[in-house]
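**Student:** Quick one: structure below, then a few questions.
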Amino acid sequence: MNKQLLTLIIVGALSACSQADTNAAAPKSQEQTQEQVQKLVQEVTAMQVTHIDASKVLETMRARPELVVIDVRTPGEFAGGHIDGAINIDFKNANFATEIAKLDGSQDYLIHCRSGNRSTRSLAVFKDAGFSHIIHMDGGMIGWNKAGLPTVK
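First residue of the sequence shown: -3, per the numbering used here; consecutive thereafter.
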């Protein structure tokens, strides 16, 4: 929905600008205007994803104490052992997108799952919710455990 609203605003602005100067060069075709709008929307809505190997995450968390860790595994997986301080928001739950949309988009988040598959798929939900930057733990909890890093239950 945010993307559609942004598109409408940009189209309106471009239309107003193209009508403002009648002495300017020949007006752009509708096709050119649409291409410009699509490019602007992509630039504005682009989300930066920083990928960090699981073995480096603890170091990153210590350097950035404001970082919020989101574990997108199921509650059962989470209860079996998770990163201390992590918040569990189950990717498989029907209300996942709603829960993500409730988060503060200006905050920095590190997301992970068991292997990296679900957390990678969840990136689209973060982008749709308007997040501009996410840190992704590559390798998930498998990589975290393989590196011998601590978990809590």
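Just so you know, even glycine gets a beta-carbon here, dropped at the ideal spot from N, CA and C.
With DSSP as the reference, label I130 as helix, strand or coil.
**Tutor:** Position 134 of the sequence shown, counted from the first residue, corresponds to residue 130. Note: I130 maps to strand in three-state DSSP.
**Student:** In terms of residues, what are the limits of the alpha helix (DSSP H) holding I85?
**Tutor:** Residue numbering aside, residue 85 sits at position 89 when the sequence shown is read from its first letter. From DSSP, I85 is part of no alpha helix (DSSP H); its letter is neither H nor E.
**Student:** Whose C-alpha, out of G76, N89, T70 and I96, is nearest the C-alpha of G126?
**Tutor:** In the sequence shown, counting from the first residue as 1, residue 126 sits at position 130. Out of G76, N89, T70 and I96, I96 has the C-alpha closest to the C-alpha of G126.
**Student:** With the cut-off set at 9 Å, would you say L145 and L63 are in Cβ contact?
**Tutor:** Indexing the sequence shown from 1 puts residue 145 at position 149. Indexing the sequence shown from 1 puts residue 63 at position 67. No; because the gap between Cβ atoms is not below 9 Å, this pair is not in contact.
**Student:** Which value, in whole angstroms, describes the spacing of the CA atoms of T94 and T56?
**Tutor:** Within the sequence shown, the letter at position 98 stands for residue 94. Within the sequence shown, the letter at position 60 stands for residue 56. C-alpha separation (whole angstroms): 28 Å.
**Student:** What number of angstroms, rounded off, separates the C-alpha of A70 from the C-alpha of V148?
**Tutor:** Stepping through the sequence shown from its first residue, residue 70 is reached at position 74. Stepping through the sequence shown from its first residue, residue 148 is reached at position 152. Note on residue identity: the sequence assigns Thr, not Ala, to residue 70. Spanning the two alpha carbons is a distance of roughly 16 Å.
**Student:** Span of the alpha helix (DSSP H) holding I96?
**Tutor:** Taking the first residue of the sequence shown as 1, we reach residue 96 at position 100. That run of the alpha helix (DSSP H) goes F92 to A97.
**Student:** Which value, in whole angstroms, describes the spacing of the CA atoms of D80 and A42?
**Tutor:** Here residue 80 corresponds to residue number 84 of the sequence shown, with the count starting at 1. Here residue 42 corresponds to residue number 46 of the sequence shown, with the count starting at 1. Approximately 30 Å between the Cα atoms of the pair.
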